[in-house]
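Protein chains in written order, with UniProt numbering: chain X, 1 to 205; chain R, 1 to 205. Presented below is the structure to which this report refers.
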DNA sequence: CCAATAAATGAATGACGTTCATTTATCTCA
DNA sequence: TGAGATAAATGAACGTCATTCATTTATTGG
């Protein structure tokens, strides 16, 4: 039969659906409809919805910019990588719980990223044993920050309980006259600097 | 009618169900069954399953140990807090996406924690404007690390693609003779030290 | 003691992911 | 050319969920 479907097409359609309707809109039925096909047809090319999510994840991973590790100083490369990584997954937080548990064996794009990052760390003079834990720590921070980037601006509005939390409320207000000023970007920058400085100190040369 | 149910009872039952069957096992039907009640009865006390999750989240927050902020040096207090926080939510990662978006207005326990942590930062000499971003950065790291703690031991097994990722594969192997040695705890400790050092440098006194 | 109210029931609904027997189109090879 | 073999799409059906709602049941306050 004329192959209307394949994994690449499914992945592309899933990404478009996600960008238009969000992850709630990503159902097998909607995905099939956007491809002009019956839902059950998808299962000839994909074993489950979870596999669709894995395909999307791999596609996104290939868009993370780790190029700096072969051209920039380590600090700059990490910064560029981290910003790119967070930026992409901030709009795909439902995938984070998938990534965190997905063995790299099945994820060539992810593996390629790790290889490049590892090379960058080696070139910067990190002892081999420190590299993986450092990457894991940075990734944890990036994933957490991706969630954070979606927090509503008024998340720290203490509301009716402001009186019982004076120090916290004052600290929130100190960030600006507007109450709703969630410092996600500032926080990301500060924490990333701290991590880069702290981890960077592990280098030997 | 005799009130068989209330929010505290529902929360406790939900927590027990989660610990026994995991988050997949937490369905409104199962929750009702464990309380000896029809599923629809729950909706007299709770507006949705999401509210159940919020109740659970608040309960867990009250178990996070932030006591060190009034008794220990700042570095120690942060460490104790972070370990406790990660330890609890590592077994409740499905809640992380809820927390990250939940305004503190509705979450008195969370607010109480923030107040105590803020006080600790003030006492340690942090400028007021740096405190919230620092907490946000630490929390991001903690949440990401909680996901990480659930990674399978062989997550970094590059498998068939080992040849094309020599540096990464070697770095993974350097962690130990056993291949399956995911350094989640080591990574958490390293990253936390880096953050504590880096953020600690923001103190003025 | 009656009326108001809070709470529990059970049946029904609408998504959703997934399965499966069946049909349809294309490819291979004699 | 024609006959399997095969890959792919279909539509009906299932089971699981969360959620709603009309109804019933028990309790409480005046």
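Cβ atoms here follow ideal geometry from the backbone N, Cα and C, with glycine treated the same way. Computed from a predicted model, the values in this text were never measured in an experiment.
For residue 176 (chain X), the three-state DSSP class (helix, strand or coil): Translated into the one-based positions of the first chain, residue 176 (chain X) becomes position 176. Three-state result, residue 176 (chain X): coil.
Cβ-based burial, residue 112 (chain X) [other Cβ within 10 Å; buried from 16]: The count along the first chain starts at 1 and reaches residue 112 (chain X) at position 112. Buried: at least 16 other Cβ atoms inside 10 Å.
Residue 97 (chain R) and residue 148 (chain R) closer than 8 Å at C-beta: Reading the second chain from its first residue, position 97 is the one you call residue 97 (chain R). Reading the second chain from its first residue, position 148 is the one you call residue 148 (chain R). Contact: no.
Residue 99 (chain X) beta carbon less than 8 Å from that of residue 45 (chain X): For the purposes of this step, residue 45 (chain X) is identified with residue 45 of the first chain, where counting begins at 1. For the purposes of this step, residue 99 (chain X) is identified with residue 99 of the first chain, where counting begins at 1. No. Outside cutoff.
Under the three-state DSSP convention, the category residue 92 (chain X) falls into: Position 92 of the first chain, counting from 1, holds the residue named residue 92 (chain X). Of the three classes helix, strand and coil, the one that applies to residue 92 (chain X) here is coil, per DSSP.
Within chain R, the residues that residue 115 (chain X) reaches when beta carbons sit closer than 7 Å: Numbered from 1 along the first chain, position 115 holds the residue referred to as residue 115 (chain X). In chain order: 165, 167, 168.
Cα-Cα separation between residue 139 (chain R) and residue 37 (chain R), rounded to whole angstroms: Here residue 139 (chain R) refers to the residue found at position 139 of the second chain. Here residue 37 (chain R) refers to the residue found at position 37 of the second chain. If you take the alpha carbons of residue 139 (chain R) and residue 37 (chain R), they lie about 38 Å apart.
The alpha helix (DSSP H) enclosing residue 34 (chain X), as first and last residue numbers: Taking the first residue of the first chain as 1, we reach residue 34 (chain X) at position 34. For residue 34 (chain X), the uninterrupted alpha helix (DSSP H) segment begins and ends at 28–34.
Under 8 Å (Cβ pairs) to chain X, residues found in the segment 143–163 of chain R: Against chain X - using a Cβ distance shorter than 8 Å - the residues of the segment 143–163 of chain R are 143, 144, 145, 147, 148, 150, 151, 152, 154, 155, 156, 157, 158, 159, 160, 161.
Between the CA atoms of residue 91 (chain R) and residue 172 (chain R) - distance to the nearest angstrom: Translated into positions along the second chain, residue 172 (chain R) becomes position 172. Translated into positions along the second chain, residue 91 (chain R) becomes position 91. Straight-line Cα distance between these residues: approximately 25 Å.
Contact set for residue 82 (chain X): own chain, Cβ-Cβ below 6 Å, skip 5 residues either direction: The sequence position of residue 82 (chain X) within the first chain is 82, counting from 1. Correct list, in chain order: 142, 192.
Beta-carbon contacts of residue 29 (chain R) that lie in its chain and below 6 Å, excluding the five residues immediately before and after: Taking the first residue of the second chain as 1, we reach residue 29 (chain R) at position 29. Counting only Cβ-Cβ distances below 6 Å, and skipping sequence neighbours, we find 39.
Buried versus exposed, by CB contacts within 10 Å (16 or more), residue 54 (chain R): As a first step, residue 54 (chain R) must be located in the second chain, where it is residue number 54. Classification of residue 54 (chain R): buried, given that the 10 Å Cβ count is 16 or more.
Per-residue DSSP class, three states only, for residue 24 (chain X): Taking the first residue of the first chain as 1, we reach residue 24 (chain X) at position 24. Coil, per DSSP.
Meets three-Cβ-pair contact criterion under 8 Å: the segment 122–131 of chain R and the segment 115–123 of chain X: With the cut-off at 8 Å, the segment 122–131 of chain R and the segment 115–123 of chain X do not touch.
Cβ neighbour criterion (16 or more within 10 Å) applied to residue 262 (chain R): A question about residue 262 (chain R) goes unanswered here, because the residues of chain R that appear run from 1 up to 205.
Sufficient close CB pairs (3 or more, under 8 Å) joining the segment 6–23 of chain R to the segment 155–173 of chain R: Output reads no: the segment 155–173 of chain R does not touch the segment 6–23 of chain R.
Environment of residue 76 (chain X) [buried if 16+ CB atoms lie within 10 Å]: In the first chain, the residue the question calls residue 76 (chain X) occupies position 76. Around the beta-carbon of residue 76 (chain X), fewer than 16 other beta-carbon atoms lie within 10 Å, marking it exposed.
Residue 41 (chain X) versus residue 27 (chain X): straight-line alpha-carbon distance, rounded: Within the first chain, residue 41 (chain X) is the residue found at index 41, counting from 1. Within the first chain, residue 27 (chain X) is the residue found at index 27, counting from 1. Whole-angstrom Cα-Cα distance: 14 Å.
Where the alpha helix (DSSP H) through residue 123 (chain R) begins and ends: Position 123 of the second chain holds residue 123 (chain R). Segment 108–123, the alpha helix (DSSP H) holding residue 123 (chain R).
For residue 56 (chain X), the three-state DSSP class (helix, strand or coil): Looking up residue 56 (chain X) in the first chain gives position 56. Helix.
Nearest neighbour of residue 210 (chain R), chosen from X:159, X:131, X:51, X:79 [CA to CA]: Nothing can be reported for residue 210 (chain R): it is not among the residues displayed for chain R, which extend from 1 to 205.
For residue 166 (chain X), three-class secondary structure by DSSP: As a first step, residue 166 (chain X) must be located in the first chain, where it is residue number 166. Helix at residue 166 (chain X).
Chain X contacts made by the segment 93–114 of chain R, where a contact means CB separation under 8 Å: Cβ contacts with chain X come from 93, 94, 96, 97, 100, 101, 102, 103, 104, 105, 108, 111, 112, 114.
Cutoff 8 Å: residue 198 (chain R) Cβ touching any chain X Cβ: Position 198 of the second chain, counted from the start, is the residue given in the question as residue 198 (chain R). Under the Cβ criterion of 8 Å, residue 198 (chain R) is counted among the residues facing chain X.
Proximity winner among R:65, R:6, R:34, relative to residue 47 (chain R) (alpha-carbon distances): Stepping through the second chain from its first residue, residue 47 (chain R) is reached at position 47. Among R:65, R:6, R:34, the Cα nearest to that of residue 47 (chain R) belongs to R:6.
Minimum Cβ-Cβ distance from residue 67 (chain R) to chain X less than 8 Å: Numbered from its first residue, the second chain carries residue 67 (chain R) at position 67. For residue 67 (chain R), the answer is no, since every Cβ of chain X falls outside 8 Å of its Cβ.
Sequence-distant residues of its chain with Cβ nearer than 6 Å to residue 181 (chain R) (five each side left out): To locate residue 181 (chain R), count along the second chain from 1; it is residue 181. Here the set comprises 175.
Beta-carbon spacing of residue 145 (chain R), residue 93 (chain R) below 8 Å: Start at 1 with the first residue of the second chain, and residue 145 (chain R) comes out as number 145. Start at 1 with the first residue of the second chain, and residue 93 (chain R) comes out as number 93. Contact flag unset, no.
CA-to-CA distance, residue 69 (chain X) to residue 161 (chain R), given in whole angstroms: In the second chain, the residue the question calls residue 161 (chain R) occupies position 161. In the first chain, the residue the question calls residue 69 (chain X) occupies position 69. Whole-angstrom Cα-Cα distance: 21 Å.
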